[in-house]
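Protein chains in written order, with the numbering used here: chain A, -15 to 347; chain B, -15 to 347.
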């Protein structure tokens, strides 16, 4: 494998010194980029794009050609695992994901197996290998998965939901069955993420999109405990380097301490939390990734710059910050505004980092 | 006005002793009830139901005929104020609310006036008067409004949104204009709620549905400060009795202390917060209302009962708890499950309240 030229992202996740704060954007390969829309049109539907390693590689690299980002993230979808389990995933225009065979009873849960990452999910591993080759050491590649609770939500509901009738019906009404489902999904995620590392992923992120809709007690029992199980089972070193793991529960700002206790390396933080407060709470146990409101990118570049400055000041000097949005970039954002955001992070963060032993401390 | 026969709800909000914990449900007059669906079909569309005081009274009372609820809440919509401002509200089937004339620039903000509660909004006050008469003192009547930030979100977006592109574009890009809009809306809400009290509302609730999508700093500046302005301007006594005010920011669990500091009487709490923790944080400054996950109502009655017991135990003995769901009841809930919930609150809460000076303390 090519030597890594820019390891700021990995160093920040290990809370090691960096010259400037590294930055990437969730959903950075996405619809706000005209070149993404062109490639997607070529692929046909969304899953065809995910399942084509060459095109997945192409869209993964697109934002890196525009912006000096410090990490690439595998272009894929969180629903690849349930799709590989045979649930029949499709994306209807404007409707979001839909499963032909939702998992609603004991027979359906029992029928689920752990998909083979180099079998049904080989297209994902091929994409990881292709992207790693194409990156040629420019920046590290992040692999990812949905959290067990988040995947289970889609699997039981059969798609997106506002009311969680089926999945919470199962959680509250048949908790044993829900645990059985989550255990199978957690084992599948562990296997899947370890295969991504074997294929070349240099960091991992687990997206818990729906953990924030649970009570504190149920969050622990039905979401966090299964992320813990995954963290415990992950390959944490590859190519002679630590493979850091980031957990991100959207709306999980109240539970950062418990998330840090899993032994992960970093926590994604959304914008409803003050980053300085979050840092004070988790201390030096984990790095923090975030947390600008993606809607700030609708504002003029000078306002974006001001918000970046506010967040850098909130985190303060020292190690352990990866700058990011608090959620995926929106599709109607002007790509020039994303560029202003990334430049602002690099330019404004230098004073928060020690330039080296020979120099005066910057702050 | 008829004497109030059941004042548990008002007493609990004043943190005074009660025999059992009072309970009501957000959206208790709603689609889960077949009798509601019948009345709504008779009215035609949703706004026609809101604008017909007789039918609004009918649906307000329907849940009270089924269940021993401790409060009634005016049947209306949070968007009556922007509708009265001339924004042209309609509800498309399955689409949610839509405004024909969204407020997107300075001219549109300047054109907004404070609606006359006994003019364009007289139908709401007529509904309050009709319901008060029909209740005949059975339980108190809650009046309500959306928060300025929540109303502004709909007014600027022109409907529901997932990305908040327009409203956050204005917040971040033209904060002065956003403040001007919020000031007009806050004055309208104050006038509107005071008119509801004059018409007979015995308690008030402000629904801040979208405050939870803001950063902590913006929540204070763009949502909480305007709720403060309303609280400061409200009539707090009527018919010789305090008119308590409840603030509810969905997803606002991190900001309960600041909300309590407004001088309101109660805080709505959603289920992502442990109620005992919330009580420890706000002390005896305010009562708490909540906080069962409405999805628990999909589970069997014995599971519902268990969740009620857990929440009562979490709040603990003493005064200042109004039981409620943490959000509106869902449309697909079995009405019998709602009944099991309400009965469980009354039955299981008695041991948490002191039966009187002559008896042994219950706990």
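Yeah, the Cβ is synthetic: ideal placement off N, Cα and C, and Gly gets one too.
Between residue i and chain B, is the shortest Cβ-Cβ distance under 8 Å, so that the two count as touching?
| i | result |
| --- | --- |
| residue 258 of chain A | yes |
| residue 292 of chain A | no |
| residue 157 of chain A | yes |
| residue 60 of chain A | no |
| residue -14 of chain A | no |
| residue 238 of chain A | yes |
Between residue i and chain A, is any beta-carbon pair separated by less than 8 Å?
| i | result |
| --- | --- |
| residue 210 of chain B | no |
| residue 133 of chain B | no |
| residue 200 of chain B | yes |
| residue 235 of chain B | yes |
| residue 194 of chain B | no |
| residue 255 of chain B | yes |
To the nearest angstrom, how far is the alpha carbon of residue i from that of residue j?
| i | j | result |
| --- | --- | --- |
| residue 34 of chain B | residue 78 of chain B | 18 Å |
| residue 285 of chain A | residue 266 of chain B | 40 Å |
| residue 225 of chain A | residue 248 of chain A | 15 Å |
| residue 62 of chain A | residue 130 of chain A | 5 Å |
| residue 54 of chain B | residue 123 of chain B | 6 Å |
| residue 26 of chain B | residue 39 of chain B | 9 Å |
| residue 102 of chain B | residue 118 of chain B | 20 Å |
| residue 297 of chain B | residue 314 of chain A | 42 Å |
| residue 176 of chain B | residue 45 of chain A | 54 Å |
| residue 346 of chain B | residue 303 of chain B | Its pLDDT being 41, under 50, residue 346 of chain B is placed unreliably by the model, and nothing is read from it. |
| residue 344 of chain A | residue 274 of chain A | Reliability fails at residue 344 of chain A, whose pLDDT of 45 lies under 50, so the model's placement of it is uncertain and no value is given. |
| residue 51 of chain A | residue 43 of chain A | 14 Å |
| residue -7 of chain A | residue 1 of chain A | 11 Å |
| residue 5 of chain A | residue 337 of chain A | 8 Å |
| residue 349 of chain A | residue 254 of chain A | It is not possible to answer for residue 349 of chain A, since the shown part of chain A is limited to -15 through 347. |
| residue 308 of chain B | residue 80 of chain B | 25 Å |
| residue 206 of chain A | residue 83 of chain B | 40 Å |
| residue 184 of chain A | residue 299 of chain A | 31 Å |
| residue 191 of chain B | residue 232 of chain B | 5 Å |
| residue 211 of chain A | residue 15 of chain B | 37 Å |
| residue 214 of chain A | residue 223 of chain A | 21 Å |
| residue 258 of chain A | residue 276 of chain A | 10 Å |
| residue 194 of chain B | residue 229 of chain B | 19 Å |
Can you tell me which of the three DSSP states residue i falls into?
| i | result |
| --- | --- |
| residue 155 of chain B | helix |
| residue 68 of chain A | helix |
| residue 354 of chain B | Since the displayed chain B opens at -15 and closes at 347, residue 354 of chain B lies outside it and no answer follows. |
| residue 332 of chain B | helix |
| residue 297 of chain A | helix |
| residue 313 of chain B | coil |
| residue -3 of chain A | helix |
| residue 356 of chain A | Residue 356 of chain A lies beyond the stretch modelled for chain A, which goes from -15 to 347, so this question has no answer here. |
| residue 82 of chain B | strand |
| residue 172 of chain B | helix |
| residue 231 of chain A | strand |
| residue 166 of chain A | helix |
| residue 3 of chain A | coil |
| residue -13 of chain B | coil |
| residue 258 of chain A | coil |
| residue 178 of chain B | helix |
| residue 221 of chain A | strand |
| residue 247 of chain B | coil |
| residue 290 of chain A | helix |
Please identify the residue among the options whose C-alpha is closest to the C-alpha of residue i.
| i | options | result |
| --- | --- | --- |
| residue 306 of chain A | A/31, A/-2, A/212, A/154 | A/-2 |
| residue 301 of chain B | B/19, B/260, B/55 | B/260 |
| residue 93 of chain A | A/3, A/66, A/103 | A/66 |
| residue 37 of chain A | A/99, A/293, A/107, A/303 | A/107 |
| residue 316 of chain A | B/322, B/-7, B/152 | B/152 |
| residue 18 of chain B | B/320, B/98, B/138 | B/320 |
| residue 278 of chain A | A/125, A/95, A/256, A/272 | A/256 |
| residue 64 of chain A | A/194, A/252, A/132 | A/132 |
| residue 100 of chain B | B/68, B/329, B/141, B/51 | B/68 |
| residue 96 of chain A | A/170, A/52, A/334, A/158 | A/170 |
| residue 91 of chain A | A/116, A/164, A/75, A/82 | A/164 |
| residue 114 of chain A | A/327, A/-14, A/339 | A/-14 |
| residue 85 of chain A | A/287, A/136, A/183 | A/136 |
Say the cut is 7 Å; is the CB of residue i nearer than that to a heavy atom of the ligand GDP?
| i | result |
| --- | --- |
| residue 194 of chain A | In the structure on display, the ligand GDP does not appear, and there are no ligands present to speak of. |
Give a yes or no on whether the minimum CB-CB distance between residue i and chain E is below 8 Å.
| i | result |
| --- | --- |
| residue 47 of chain A | The structure shown has no chain E; the protein chains it does contain are A and B. |
#### Entry: Residues from the region 143 to 157 of chain A in contact with chain B, defined by Cβ distance under 7 Å
147, 148, 149, 152, 153, 156, 157
### Query
Between the region 261 to 287 of chain A and chain B, which residues of the former have a C-beta closer than 7 Å to a C-beta of the latter?
277, 279, 280, 282, 283, 284, 287
### Query
At a Cβ cut of 9 Å, what residues of the region 298 to 326 of chain B count as close to chain A, listed as they run along the chain?
310, 314, 315, 316, 317
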